Amino acid sequence: MDSNKIEKQISTTPIYSGKLLSIRKDIIELPNGANTTRECVSHTPVVCMLPIDENGYVHMVKQYRYAVETLLLEIPAGGIEMGEQPEKAAVRELQEEIGMTCSDLIPLGGFWLTPGWCDEYMYSFLAKGLSEAKLKADDDENISVVKIPFNELVREVKSGLIQDVKTIATVLLAENYLIVS
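To convert, note that position 47 of the sequence shown is 47 in the numbering used here; the numbers rise steadily by one, no gaps.
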């Protein structure tokens, strides 16, 4: 990155602070010397997992997403608790959301979800060697587990049927891994 193109924060004003995110308004100086405003959301880091069983089925969750008023088919995901390692969060979320654990958790990488205005970072994993291990689900989640063959899921991602970005990115990362391994 060209260090001459970095934007410099002049001031920041907190707007909102909640359990998962905070919002602030920053005045920044552009590389050309002009000032402008940036509205930014800070969000706790998150994990997502593509849990695939020995028969090639991916265990997914179907849930209504209030913010977009849509029922989505997604891979399991959730927040990383304070002081928790991403791998531990991934296993915990598997237990909470699909009632499974894994013997093999493979890091696929990570990505910024909406870097234009939010600092939310997602760690992505492939979960293999699944076995039953339930934890109590979060009280505010109403989800159902759906199993879909991995090859069918890849087709649904590539055809545009899957509209959840973490699922799209992780399926494509896992496809590359599963083809190579």
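By construction, the Cβ of each residue, glycine as well, lies at the ideal position given by its N, Cα and C atoms. Keep in mind that this is a model prediction, so the values were computed, not measured.
| message | Suppose you measure from the CA of residue 22 to the CA of residue 163; what does that come to, to the nearest Å? | response | In the sequence shown, the residue the question calls residue 22 occupies position 22. In the sequence shown, the residue the question calls residue 163 occupies position 163. One C-alpha to the other measures close to 25 Å.
| Straight-line Cα distance separating residue 26 from residue 7 | As a working note, residue 7 is residue 7 in the sequence shown. As a working note, residue 26 is residue 26 in the sequence shown. Distance from the CA of residue 7 to the CA of residue 26, rounded to the nearest whole angstrom, comes to 11 Å.
| task | Please list the segments of the alpha helix (DSSP H) lying wholly inside the region 63-107, counting only runs of 4 or more residues, in order along the chain. | result | Taking 4 residues as the shortest admissible run, the region 63-107 contains the following complete alpha helix (DSSP H) segments, listed from N- to C-terminal end: 86-98.
| query | Does DSSP put residue 162 in a helix, in a strand, or in coil? | reply | On the sequence shown, residue 162 is found 162 positions in, with the first residue counted as 1. Of the three classes helix, strand and coil, the one that applies to residue 162 here is coil, per DSSP.
| query | Tell me the DSSP bridge mates of residue 116? | reply | As a working note, residue 116 is residue 116 in the sequence shown. For residue 116, DSSP assigns no beta-bridge partner whatsoever.
| query | What does a CB cutoff of less than 6 Å around residue 62 pick up in its chain, not counting 5 residues either side in sequence? | reply | Within the sequence shown, the letter at position 62 stands for residue 62. If you ignore the 5 residues before and after residue 62, its C-beta comes within less than 6 Å of the C-beta of 73, 144 and 146, all in its own chain and listed in chain order.
| task | Taking residue 149 as part of the beta strand (DSSP E), name the residues at either end of that continuous run. | result | Within the sequence shown, residue 149 is the residue found at index 149, counting from 1. Segment 143-149, the beta strand (DSSP E) holding residue 149.
| task | Assuming residue 158 and residue 75 form a contact by the criterion Cβ under 8 Å, report the distance between their Cβ atoms to the nearest whole angstrom. | result | Taking the sequence shown and counting its residues from 1, one reaches residue 158 at position 158. Taking the sequence shown and counting its residues from 1, one reaches residue 75 at position 75. Incorrect: roughly 16 Å between the Cβ atoms, too far for contact.
| request: Could you tell me whether the Cβ atoms of residue 148 and residue 57 are closer together than 8 Å? | output: Looking up residue 148 in the sequence shown gives position 148. Looking up residue 57 in the sequence shown gives position 57. Closer than 8 Å, so yes.
| request: Using only alpha-carbon positions, find the residue among 131, 140, 172 and 134 that is nearest to residue 150. | output: As a working mapping, residue 150 is identified with position 150 in the sequence shown. Looking at the Cα atoms, 172 is the closest of the given residues.
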